[in-house]
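In our numbering, the protein residues as written are 14 to 493.
Glycine is no exception: its CB is placed at the ideal position from the N, C-alpha and C atoms.
One structure below.
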Ligand code: AMP
Ligand code: MG
């Protein structure tokens, strides 16, 4: 007999007009085998381990109440508008969680869909491990993100440059609604469908907007606010998403679609990791500007809803979009204050923070380890801390710190909870994946354990804090 595992689906997305999805059946795996399972996430979803078989986690067997669909969406990919949709992902349904939440449960790599556009719909093991490690690290860092419930091997090969082991990722998100979902609706030019989508997004993510004079303006306000906060968090931890196409930007404000993403080692705003990003469109320093550009694309889709008169609608959109820069700067500066242990606000704080970044760039400083060294005085300081540019900056910082009334202990605590002692280091993630591909899962488990508590400053983290050799440039490859 099948165990129910605790699935409690209520699938509202598929009550949207049928143009928004295609019904699909996930491909059956030849020999599904669970290689990663996130038991704490499962528990928070109300799922019991004994029902989470490899067959279910890989999509080979549908849990009770699942109604798999591929979501339709469009998107600007590197600036070019394209009709897309889930080409290798499926939404199984929406799980009602014990704490009263609603969570999208989705497969990635479960076979071709109506939107695969010639792609195979499959995923290789390496990138699915990578998404599992990085998304769970983001969660532990306190950055809104989709999450990873499980990785299963399918038993099938996947043809890339060579034949790789196929895998399926089971992931969750507060929803997979994207800016691109709205672009899809707008491109179809059916205003009733667009309105239904907007009402749906409001109900799921911004319920307070429903009662506003102009709910659609409040939806725009909400998305701008959450994205400003999200991108500030990315910048403050050195996260580079790598493919900030509008189809990879959520309405909920969560990070999704981990492809060629990576964390900064050396601090340099020009850092690009993605092998497909030849012109650096999505480099670290461009992320706030790109978010703003993507939000303008979102606002454009809402024009028919913002006001009856197009000119008036444009004025509303422009007024709200203009706030993004200020919102982002404010979130970022608050985060930098926390990283520097500044518990009150002074007018020169922004200059102080930016001066440190300048010294870091010139010193080719490791982003995470710089803030770690500022936080943990027991740690051996990096060599460049002895040089005049940093010493000058530190004098200013210490003077600024001593002006605030807060106790040393409170300052130290703020810094410890704002500056991670570990992040997923690219070279370590790659080494762990390479071992797992050979059947040795110990490095992946060790990495996941350490990344689950990134502000611990514990001795067992030490081996994971080593920066990569800067002479070896790091690149990640998308869509593999
Ligand atoms: P991404 O930017 O990686 O999120 O993906 C961009 C688009 O390509 C999305 O519509 C994906 O569903 C689709 N896609 C990526 N890889 C594949 C694949 N192997 N087969 C089919 N579609 C894919
Ligand atoms: Mg995507």
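Residue i to residue j span [Cα, whole Å]
i	j	result
residue 200	residue 365	46 Å
residue 292	residue 284	11 Å
residue 573	residue 261	Outside the modelled stretch of the chain, which goes from 14 to 493, sits residue 573, for which no answer is possible.
residue 405	residue 369	10 Å
residue 223	residue 211	10 Å
residue 347	residue 433	16 Å
residue 483	residue 205	54 Å
residue 317	residue 208	9 Å
residue 47	residue 398	46 Å
residue 367	residue 361	10 Å
residue 67	residue 109	22 Å
residue 447	residue 453	9 Å
residue 135	residue 271	15 Å
residue 413	residue 279	26 Å
residue 19	residue 133	32 Å
residue 421	residue 157	30 Å
residue 286	residue 141	18 Å
residue 32	residue 17	31 Å
residue 402	residue 372	6 Å
residue 143	residue 197	29 Å
residue 329	residue 30	27 Å
residue 14	residue 190	Note that residue 14 scores 46 on pLDDT, short of 50, meaning its location in the model is unreliable; the coordinates nonetheless yield the value given after this. Whole-angstrom Cα-Cα distance: 35 Å.
residue 72	residue 65	11 Å
residue 92	residue 80	33 Å
residue 274	residue 121	17 Å
Heavy atom of ligand 4 within 6 Å of residue i beta-carbon
i	result
residue 177	Ligands displayed in this structure: ligand 1 and ligand 2; ligand 4 is not among them.
Which residues DSSP lists as bridging residue i, in chain order
i	result
residue 102	121
residue 172	176
residue 96	87
residue 252	276
residue 36	82
residue 108	22, 116
residue 181	165
residue 357	In DSSP, residue 357 forms no bridge with anything.
Residue i: CB within 6 Å of a non-hydrogen atom of ligand 2
i	result
residue 261	yes
residue 133	no
residue 226	no
residue 23	no
residue 283	no
residue 117	no
residue 270	yes
Beta-carbon gap between residue i and residue j smaller than 7 Å
i	j	result
residue 477	residue 463	yes
residue 84	residue 104	yes
residue 70	residue 137	no
residue 265	residue 159	no
residue 307	residue 90	no
residue 345	residue 465	no
residue 195	residue 314	yes
residue 468	residue 430	yes
residue 269	residue 214	no
residue 470	residue 389	yes
residue 442	residue 146	yes
Proximity test, residue i beta-carbon vs ligand 1 heavy atom, cut-off 6 Å
i	result
residue 290	no
residue 97	yes
residue 332	no
residue 159	no
Chain D within 7 Å of residue i, Cβ atoms only
i	result
residue 118	Although the question refers to chain D, the structure presented lacks it and comprises just one protein chain.
*With a cut-off of 8 Å, do at least 3 Cβ pairs link the stretch 219-235 to the stretch 250-261?*
No, because fewer than three Cβ pairs between the stretch 219-235 and the stretch 250-261 fall closer than 8 Å, the two stretches do not touch.
*Touch check for the stretch 335-350 and the stretch 238-248: three-plus C-beta pairs under 8 Å?*
Counting Cβ pairs under 8 Å, three or more are found: they touch.
_Pairs of beta-carbons, one from the stretch 299-315 and one from the stretch 177-184, closer than 8 Å: are there three or more?_
Output reads no: the stretch 177-184 does not touch the stretch 299-315.
_Any 3 or more C-beta pairs closer than 8 Å across the stretch 432-447 and the stretch 145-164_ = Yes, the stretch 432-447 touches the stretch 145-164.
*Could you tell me whether the stretch 125-132 touches the stretch 166-175, where touching means 3 or more Cβ pairs closer than 8 Å?*
Fewer than three Cβ pairs drawn from the stretch 125-132 and the stretch 166-175 lie within less than 8 Å of each other, which leaves the two stretches out of contact.
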